[in-house]
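Structure record follows, encoded as structure tokens.
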Amino acid sequence: METLDKTKWDVVIVGTGLQQSLLALALSRSGKKILHIDENKYYGGAEAALALQEAEEWAQHVDTGSATFSNAAVTTPELSQSGSGQSLASARAYSIEFSPQLLYARSSLLQYLVSSKVYRQLEFLAVGSFWVYSKDTSDAGDASSPSTAEQSSRLGQLLKVPSGREDVFQDQVLDFKAKRALMKFLRFIAEYEEHTEEWEEHKENPFSVFLTEKFRVPAALQAPLLALTLSPSGTAETSTTYALPRVARHLRSIGVFGPGFGAVQAKWGGMSEVVQVACRSCAVGGGVYVLGKGLSNPGVSASEDSDMVTLRLKDGETISTKWVVEEGNEVSSGPSQLCRSITVVSSPLAQLLPPLAEEAPSPASAVVVFPSGSLPLRPEDAKEHGAELPPVHILVFSSDTGECPAGQSILYASTSLPGDRGFQLLSMAVDALLSSVKESPSPAALWSLRYEHGSDSSDDTVSQPPNHVLRFARPSLDLAFDDSALDRVKDVWQRIVGAGTDEFLVFEDREPVGDEDE
Amino acid sequence: MADSGAAAPKPSSSVKLVLLGEAAVGKSSLVMRFVNNDFQENKEPTIGAAFLTQKCNLPTRTIKFEIWDTAGQERFASLAPMYYRNAQAALVVYDITKPSSLTKAQHWVAELHRQASPGIVIALVGNKADLAAEAAAGDELGDDATEDTDAAPGAEGEEDADADNADQRRVATKTAKAYAEEEGLLFFETSAKTGKNVAEVFTAIANAIPEASLKGPRGAAGGQSSLGRQEDARVNLGSVRPEGAKEGCAC
Chain A
1 METLDKTKWD VVIVGTGLQQ SLLALALSRS GKKILHIDEN KYYGGAEAAL
51 ALQEAEEWAQ HVDTGSATFS NAAVTTPELS QSGSGQSLAS ARAYSIEFSP
101 QLLYARSSLL QYLVSSKVYR QLEFLAVGSF WVYSKDTSDA GDASSPSTAE
151 QSSRLGQLLK VPSGREDVFQ DQVLDFKAKR ALMKFLRFIA EYEEHTEEWE
201 EHKENPFSVF LTEKFRVPAA LQAPLLALTL SPSGTAETST TYALPRVARH
251 LRSIGVFGPG FGAVQAKWGG MSEVVQVACR SCAVGGGVYV LGKGLSNPGV
301 SASEDSDMVT LRLKDGETIS TKWVVEEGNE VSSGPSQLCR SITVVSSPLA
351 QLLPPLAEEA PSPASAVVVF PSGSLPLRPE DAKEHGAELP PVHILVFSSD
401 TGECPAGQSI LYASTSLPGD RGFQLLSMAV DALLSSVKES PSPAALWSLR
451 YEHGSDSSDD TVSQPPNHVL RFARPSLDLA FDDSALDRVK DVWQRIVGAG
501 TDEFLVFEDR EPVGDEDE
Chain B
519 MADSGAAAPK PSSSVKLVLL GEAAVGKSSL VMRFVNNDFQ ENKEPTIGAA
569 FLTQKCNLPT RTIKFEIWDT AGQERFASLA PMYYRNAQAA LVVYDITKPS
619 SLTKAQHWVA ELHRQASPGI VIALVGNKAD LAAEAAAGDE LGDDATEDTD
669 AAPGAEGEED ADADNADQRR VATKTAKAYA EEEGLLFFET SAKTGKNVAE
719 VFTAIANAIP EASLKGPRGA AGGQSSLGRQ EDARVNLGSV RPEGAKEGCA
769 C
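Right, here's the structure in full:
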């Protein structure tokens, strides 16, 4: 194979995480000589999606090789006992995402994927219903024989979040007073930016306090609104100023790409697909890609030529470049951390994926939220800590996502509760979800992986001496794609090309576009 | 045949097709010929398309190929398995004037068997057939015409004493065809330059894609991964309604 030794570059991008790959895409027509390397044998870094076998290998090695992930472990339950007959398909039938996230319709990432034309290479699917777990509903549900309308919005202890005004009106669980309070809030949030006087004083207060005091939204309705924020923090720590823009984003996104849904995800592996098309665009523009190639540590040193820096690669090769862009500006992960678990389930869990609306695409996934405090780890927990445990979020991916075979589904669970207690909380939530779905045979976990996922405490891009060494902060752990990643990419892009901002990721089609989309 | 003209309302499905093969065997040229009916002499490496689409109309259905070129990422062996993981078809290309390119093609076939979807349709394609002797090029796929080359023992890679400029063939049709049959691959010799057999390859692939794998995943029986593109689940980002959100939103 060719060697990289003694080669000279304009830009060397280290790592193929989403941010670095979007930078590669942004630079793909710049005429710069670009080398894009990754020490892994796969693309995507923390946003990768791997087959089952690869994910198991990843779990074995990730603890030593990464500051981002830790405590990874795979569990394969004894299936012979369950006798469900369902078993894992071939490892290649799966595509396991390490940082699954929703993309809201108004996200600038989608706009840039369109303006850069790479969206044609991606297939986007609708994120379906949001569900909220309630520890109180099971008895009530059994006592009153539920009507059909009720049944469709209730599944065991899971309640479907109304997806719009009509849903609220048709809801038969809510009483009139509650509906009125909710409608009043929905009218407010449509234009909350223009009515700062309504919430200014509550800015730092918990969102739930604001809902109670300002709109008299009953406690039972606060959980679904909080669920829409996707806040990783407990109820008491989720402030009004954090929650309002997020609830507004959710509601304003509904209908942008079609009725009944507000967020999308890329088929076949979410952000890892975005990474793939971004890197391929850079390759088409002449960028050189080398996997299994990392920087040695320390790998960056000054060069005799003051405009250049010298990089030493792990296999001893030395290259020089005008710019180096890496990711992760802290040696170990900052305080921002999630416990995650991934569970392959022996059922499509179709009940969680009801049709969204007429003419709407069929939903590929659902979001299940276990509110703060709804799953007590131990009875004494509440007493000991005073504070409620943080919520658990589970993204339910059907086989439509291309991430698992038909007849199965994948549960991506996460919580901000750290360590073993976090993992315990996640497995409680997974069990509670599976037992809420009344199916025969009951859905079973076929395979699972858990790990802790860290991020940087500051999201600033760090510029180190020599000045042409830039380090992106690791992407946030937000379950909805955080557009600040694009601001960072744009900033680095601008430093490198020195161009005006309106040219960022705006490209013509490279290839003739035939009759698109019948 | 490949044709992007208006089609009768037939069932239509998308098929992801990946291109594989050594650098400079003419992968991109084959696709350019298929999609644009165009050929560029001395095309620069890696330039071109990473992604092209072209429809193929069959009597009972329309197949829309989504063709993924390697974009030059094969150079440092930096094509990761995700490139072909969800592909339903692969075109593995070698150069009939370069025996080492067939070896590389065989490597890719093995890699596909190991890493790609179990039901993937693979076509082995010997490109640059225009560089073979006149007699061979004009005939049907190397049945008799290339008998001479085939007969020469160890013709592969050997220096042909009688090689004049007219015949640069170094890979016997029979050799490659026997290998393709053994591995269950479709086999063609093509010329992106003249257009010979190019459309035929794609039509053959389209015909070989099992109808069952084109159904939506939920329609398919459980267990196996189904690769069919489910058009009713697809969200079209091009259809954004700039003012639409106001109406659709819950406020």
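Read top to bottom, the protein sequences are chains A and B. Take the first sequence: its position 509, counted from the start at 1, is 509 in my numbering, and no numbers get skipped. Whatever position you read off the second sequence (first residue = 1), add 518 for my numbering. Note that beta-carbon positions come from the ideal geometry of N, C-alpha and C, so glycine has one too.
- At the C-beta level, V324/A and V469/A come within 7 Å of one another.
- Residue-level contact check: W268/A touches chain B, since one or more beta carbons of chain B fall below 7 Å from its beta carbon.
- Interface with chain B (7 Å Cβ-Cβ cutoff): E123/A is included.
- Judged by pairs of C-beta atoms under 8 Å, the stretch 354–370 of chain A does not touch the stretch 37–56 of chain A, as fewer than three such pairs exist.
- The secondary-structure analysis by DSSP pairs Y289/A across a beta bridge with H36/A.
- Secondary-structure assignment with DSSP links T571/B through a beta bridge to E584/B.
- For S30/A, no Cβ of chain B is located within less than 7 Å of the residue's own Cβ.
- Contacts between N604/B and chain A, judged by CB atoms closer than 7 Å, involve W268 and G402 in chain order.
- Against chain B, the CB of V161/A has no partner CB under 7 Å away; the residue lies outside that interface.
- Annotation: L395/A to S365/A spans about 7 Å, alpha carbon to alpha carbon.
- The stretch 631–641 of chain B and the stretch 603–620 of chain B touch, with no fewer than 3 CB-CB distances between them shorter than 8 Å.
- Residues of the same chain with a CB within less than 7 Å of the CB of D509/A, apart from the 5 flanking positions on each side, are K117 in chain order.
- Contact annotation: L411/A and V430/A have beta-carbon atoms nearer than 7 Å.
- Leaving aside the five residues that flank F69/A on each side, the residues in its chain whose CB is nearer than 8 Å to its CB run, in chain order, A46, V62, D63, F98, Y451, E452, H453 and G454.
- Exclusion of the five residues before and after S231/A leaves T238 as the residues of its chain whose Cβ lies within less than 6 Å of its Cβ.
- The straight-line gap separating the alpha-carbon atoms of N645/B and A73/A is approximately 48 Å.
- With a cutoff of 7 Å on beta-carbon distance, A24/A and W493/A are scored as not near each other.
- Using beta-carbon distances, S362/A counts as an interface residue toward chain B, with a partner under 7 Å.
- The beta carbon of V543/B is closer than 6 Å to those of V611, Y612, D613, S619 and N645 in its chain, skipping five residues each way along the sequence.
- Note that the stretch 693–710 of chain B touches the stretch 618–634 of chain B; at least 3 beta-carbon pairs, one per stretch, sit closer than 8 Å.
- Between the stretch 697–717 of chain B and the stretch 589–605 of chain B, the count of Cβ pairs shorter than 8 Å is below three; the stretches do not touch.
- For I319/A, the three-state secondary structure derived from DSSP is strand.
- At a cut-off of 7 Å, the C-beta of F569/B has a neighbouring C-beta in chain A.
- Take the alpha-carbon of S95/A and the one of W268/A: they are about 7 Å apart.
- The shortest C-alpha to C-alpha distance from E729/B to any of E559/B, T578/B, L538/B and G539/B is the one to T578/B.
- A straight line joining the alpha-carbon of S372/A with that of V392/A spans about 7 Å.
- The Cβ-Cβ distance between K160/A and S115/A does not fall below 7 Å.
- Around the CB of N604/B, 16 or more other CB atoms lie within 10 Å, so the residue is classed as buried.
- Per DSSP, the beta bridge partners of T343/A are L411/A and S448/A.
- As computed with DSSP, G539/B is found in a beta bridge with V611/B.
- Shortest Cα-Cα distance from S28/A to any of Y104/A, A278/A, G328/A and M271/A involves A278/A.
- In the DSSP secondary-structure assignment, Q265/A is bridged to L125/A.
- Going by beta carbons, S532/B and K582/B fall inside the 7 Å limit.
- In this structure, DSSP gives A473/A a state outside helix and strand, which the three-state scheme calls coil.
- Here D685/B is buried, its C-beta having at least 16 other C-beta atoms within 10 Å.
- Contact check for Q101/A and L479/A: beta-carbon distance about 6 Å, within the 8 Å limit, so the pair qualifies.
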